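Here's the structure, in C-alpha coordinates; my notes come after.
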Amino acid sequence: MSIVGYGRVSTREQNAGSQESALREAGCERVFIDRGESSRIADRPEWVACLDYLRSGDTLVILALDRIAGTELMAIELIRDLGRRGIRLRSLTEPFLDVDTSTPMGEAIVGIMAVLAQLRVSTIRENTRRGLAHARAQGRVGGRPSVMTPERVKAAVRMRDAGDSIAEIARTFGVGASSVSRALAKHDEQASVITP
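Following my numbering, the numbering of the sequence shown begins with -8 at its first residue and continues without gaps.
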(Lines of atoms letter the chains of each structure in order from A and count residues from 1; the text may use other names and numbers.)
(Lines give C-alpha, C1' and ligand atoms only; values in the text may rest on other atoms or scores of the structure.)
Protein backbone atom coordinates (compact mmCIF):
# COMPACT_ATOMS: atom_id res chain seq x y z
CA MET A 1 0.00 0.00 0.00
CA SER A 2 1.60 3.22 -1.23
CA ILE A 3 0.73 6.84 -0.66
CA VAL A 4 1.01 8.59 -4.01
CA GLY A 5 0.72 12.32 -4.67
CA TYR A 6 -0.41 14.20 -7.73
CA GLY A 7 -0.09 17.92 -8.39
CA ARG A 8 -0.67 20.19 -11.35
CA VAL A 9 0.02 23.78 -12.36
CA SER A 10 -1.77 25.40 -15.29
CA THR A 11 1.25 27.08 -16.87
CA ARG A 12 4.88 26.10 -17.14
CA GLU A 13 5.86 29.41 -15.51
CA GLN A 14 4.03 28.55 -12.27
CA ASN A 15 6.03 26.92 -9.51
CA ALA A 16 4.73 23.55 -8.34
CA GLY A 17 7.14 23.49 -5.39
CA SER A 18 4.55 24.32 -2.73
CA GLN A 19 2.23 21.55 -3.97
CA GLU A 20 5.04 19.04 -4.04
CA SER A 21 6.16 20.02 -0.52
CA ALA A 22 2.60 19.69 0.85
CA LEU A 23 2.24 16.26 -0.77
CA ARG A 24 5.60 15.08 0.61
CA GLU A 25 4.66 16.35 4.08
CA ALA A 26 1.40 14.35 3.79
CA GLY A 27 3.52 11.20 3.48
CA CYS A 28 3.60 10.69 -0.29
CA GLU A 29 6.41 8.37 -1.29
CA ARG A 30 6.00 9.16 -4.99
CA VAL A 31 4.75 12.45 -6.44
CA PHE A 32 3.64 13.15 -10.02
CA ILE A 33 3.43 16.77 -11.19
CA ASP A 34 2.00 18.06 -14.48
CA ARG A 35 3.15 21.49 -15.61
CA GLY A 36 1.24 23.61 -18.12
CA GLU A 37 -1.65 21.17 -18.45
CA SER A 38 -5.38 21.88 -18.19
CA SER A 39 -7.44 19.87 -15.70
CA ARG A 40 -10.08 19.42 -18.42
CA ILE A 41 -7.68 17.23 -20.41
CA ALA A 42 -7.80 13.62 -19.24
CA ASP A 43 -4.56 12.43 -20.84
CA ARG A 44 -2.07 14.71 -19.10
CA PRO A 45 1.33 12.92 -19.18
CA GLU A 46 2.04 12.78 -15.44
CA TRP A 47 -1.62 12.09 -14.60
CA VAL A 48 -1.61 9.10 -16.95
CA ALA A 49 1.67 7.90 -15.38
CA CYS A 50 0.15 8.37 -11.91
CA LEU A 51 -2.93 6.31 -12.80
CA ASP A 52 -0.68 3.58 -14.25
CA TYR A 53 1.42 3.55 -11.07
CA LEU A 54 -1.50 3.28 -8.63
CA ARG A 55 -2.53 -0.17 -7.37
CA SER A 56 -5.44 -1.47 -5.32
CA GLY A 57 -4.97 -0.46 -1.67
CA ASP A 58 -3.00 2.68 -2.54
CA THR A 59 -4.02 6.19 -1.47
CA LEU A 60 -3.92 9.06 -3.95
CA VAL A 61 -3.31 12.41 -2.25
CA ILE A 62 -4.10 15.70 -3.98
CA LEU A 63 -4.04 19.31 -2.83
CA ALA A 64 -7.58 19.93 -4.15
CA LEU A 65 -10.04 18.27 -6.49
CA ASP A 66 -9.46 20.87 -9.22
CA ARG A 67 -5.92 19.52 -9.62
CA ILE A 68 -7.26 16.30 -11.17
CA ALA A 69 -10.58 17.30 -12.73
CA GLY A 70 -11.82 20.38 -14.56
CA THR A 71 -15.55 19.72 -14.13
CA GLU A 72 -17.76 18.23 -11.44
CA LEU A 73 -18.88 15.39 -13.68
CA MET A 74 -15.27 14.58 -14.61
CA ALA A 75 -14.37 14.58 -10.90
CA ILE A 76 -17.18 12.22 -9.99
CA GLU A 77 -16.25 9.82 -12.78
CA LEU A 78 -12.61 9.84 -11.59
CA ILE A 79 -13.62 9.24 -7.97
CA ARG A 80 -15.83 6.32 -9.03
CA ASP A 81 -13.07 4.87 -11.21
CA LEU A 82 -10.55 5.10 -8.37
CA GLY A 83 -13.06 3.44 -6.03
CA ARG A 84 -13.65 0.59 -8.47
CA ARG A 85 -9.89 0.06 -8.59
CA GLY A 86 -9.69 0.01 -4.77
CA ILE A 87 -7.76 3.29 -4.58
CA ARG A 88 -8.58 5.75 -1.81
CA LEU A 89 -8.62 9.48 -2.63
CA ARG A 90 -7.62 12.11 -0.10
CA SER A 91 -7.64 15.88 -0.59
CA LEU A 92 -5.47 18.03 1.67
CA THR A 93 -7.87 21.00 1.50
CA GLU A 94 -11.25 19.23 1.16
CA PRO A 95 -11.87 16.91 4.13
CA PHE A 96 -15.09 15.52 2.61
CA LEU A 97 -12.92 13.90 -0.06
CA ASP A 98 -11.23 11.52 2.36
CA VAL A 99 -13.77 8.87 1.39
CA ASP A 100 -13.36 5.15 0.89
CA THR A 101 -15.46 4.75 -2.26
CA SER A 102 -15.28 0.95 -2.05
CA THR A 103 -17.73 1.02 0.89
CA PRO A 104 -21.51 1.51 0.58
CA MET A 105 -21.27 4.84 2.45
CA GLY A 106 -18.47 6.08 0.19
CA GLU A 107 -20.40 5.10 -2.92
CA ALA A 108 -23.49 6.89 -1.54
CA ILE A 109 -21.47 10.09 -0.97
CA VAL A 110 -20.19 9.96 -4.57
CA GLY A 111 -23.78 9.40 -5.73
CA ILE A 112 -24.94 12.46 -3.81
CA MET A 113 -22.08 14.46 -5.34
CA ALA A 114 -23.15 13.27 -8.81
CA VAL A 115 -26.74 14.36 -8.22
CA LEU A 116 -25.62 17.79 -6.97
CA ALA A 117 -23.25 18.21 -9.93
CA GLN A 118 -26.02 17.30 -12.37
CA LEU A 119 -28.38 19.70 -10.61
CA ARG A 120 -25.80 22.48 -10.98
CA VAL A 121 -25.35 21.74 -14.71
CA SER A 122 -29.12 21.62 -15.26
CA THR A 123 -29.63 24.87 -13.32
CA ILE A 124 -26.97 26.64 -15.41
CA ARG A 125 -28.63 25.40 -18.61
CA GLU A 126 -32.08 26.48 -17.44
CA ASN A 127 -30.83 29.93 -16.37
CA THR A 128 -29.09 30.34 -19.74
CA ARG A 129 -32.27 29.37 -21.63
CA ARG A 130 -34.33 31.78 -19.52
CA GLY A 131 -31.82 34.59 -20.08
CA LEU A 132 -31.74 34.04 -23.85
CA ALA A 133 -35.55 33.95 -24.04
CA HIS A 134 -35.74 37.21 -22.07
CA ALA A 135 -33.12 38.84 -24.33
CA ARG A 136 -35.03 37.73 -27.46
CA ALA A 137 -38.26 39.13 -26.01
CA GLN A 138 -36.43 42.46 -25.60
CA GLY A 139 -35.31 42.29 -29.23
CA ARG A 140 -31.70 41.40 -28.45
CA VAL A 141 -29.95 38.49 -30.10
CA GLY A 142 -26.72 37.00 -28.78
CA GLY A 143 -23.55 36.66 -30.79
CA ARG A 144 -21.35 38.99 -32.74
CA PRO A 145 -22.99 41.86 -34.64
CA SER A 146 -23.32 41.14 -38.36
CA VAL A 147 -20.77 42.73 -40.67
CA MET A 148 -23.69 43.36 -43.02
CA THR A 149 -25.21 46.52 -41.57
CA PRO A 150 -28.65 47.66 -42.83
CA GLU A 151 -26.92 50.16 -45.16
CA ARG A 152 -24.69 47.43 -46.60
CA VAL A 153 -27.66 45.11 -47.09
CA LYS A 154 -29.49 47.82 -49.09
CA ALA A 155 -26.40 48.38 -51.22
CA ALA A 156 -25.95 44.60 -51.68
CA VAL A 157 -29.57 44.28 -52.85
CA ARG A 158 -29.01 47.06 -55.39
CA MET A 159 -25.78 45.42 -56.59
CA ARG A 160 -27.45 42.01 -56.89
CA ASP A 161 -30.37 43.52 -58.80
CA ALA A 162 -27.84 45.17 -61.11
CA GLY A 163 -26.36 41.75 -61.88
CA ASP A 164 -23.35 41.57 -59.54
CA SER A 165 -22.50 38.10 -58.15
CA ILE A 166 -22.34 37.26 -54.44
CA ALA A 167 -18.55 36.99 -54.76
CA GLU A 168 -18.30 40.46 -56.32
CA ILE A 169 -20.51 41.97 -53.61
CA ALA A 170 -18.44 40.27 -50.89
CA ARG A 171 -15.19 41.61 -52.39
CA THR A 172 -16.66 45.13 -52.55
CA PHE A 173 -17.48 45.10 -48.83
CA GLY A 174 -14.44 43.08 -47.79
CA VAL A 175 -16.56 40.37 -46.17
CA GLY A 176 -17.14 36.66 -46.72
CA ALA A 177 -19.55 35.47 -49.40
CA SER A 178 -21.51 33.54 -46.76
CA SER A 179 -22.16 36.79 -44.85
CA VAL A 180 -23.58 38.38 -48.00
CA SER A 181 -25.67 35.29 -48.82
CA ARG A 182 -27.15 35.15 -45.30
CA ALA A 183 -27.91 38.88 -45.29
CA LEU A 184 -29.61 38.74 -48.70
CA ALA A 185 -31.60 35.62 -47.79
CA LYS A 186 -32.79 37.29 -44.57
CA HIS A 187 -33.70 40.46 -46.51
CA ASP A 188 -35.64 38.43 -49.10
CA GLU A 189 -37.47 36.49 -46.38
CA GLN A 190 -38.49 39.68 -44.58
CA ALA A 191 -39.54 41.29 -47.87
CA SER A 192 -41.77 38.32 -48.75
CA VAL A 193 -43.50 38.55 -45.35
CA ILE A 194 -44.15 42.26 -45.76
CA THR A 195 -45.19 42.01 -49.44
CA PRO A 196 -47.00 38.72 -50.14
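C-beta: ideal position from N, C-alpha, C; glycine also. Just so we're clear, the structure is a prediction, and the values are computed from it rather than from any experiment.
Check: Contact set for alanine 7: own chain, Cβ-Cβ below 7 angstroms, skip 5 residues either direction; Outcome: Gly(-2), Val0, Ile24, Arg26
Check: Sub-8 angstroms separation of leucine 54 and glutamine 10 beta-carbons; Outcome: yes
Check: Residue span of the beta strand (DSSP E) that contains leucine 80, given as start and end; Outcome: 79 to 82
Check: Proximity below 8 angstroms, CB of methionine 170 to CB of methionine 150; Outcome: Just to set this straight, residue 170 is serine in the shown sequence, not methionine. For serine 170 and methionine 150, no; Cβs fall outside 8 angstroms.
Check: Contact under 8 angstroms by Cβ, alanine 168 with alanine 161; Outcome: yes
Check: Local conformation of aspartate 152 per DSSP, three classes; Outcome: helix
Check: Beta-carbon gap between glycine 77 and serine 29 smaller than 8 angstroms; Outcome: no
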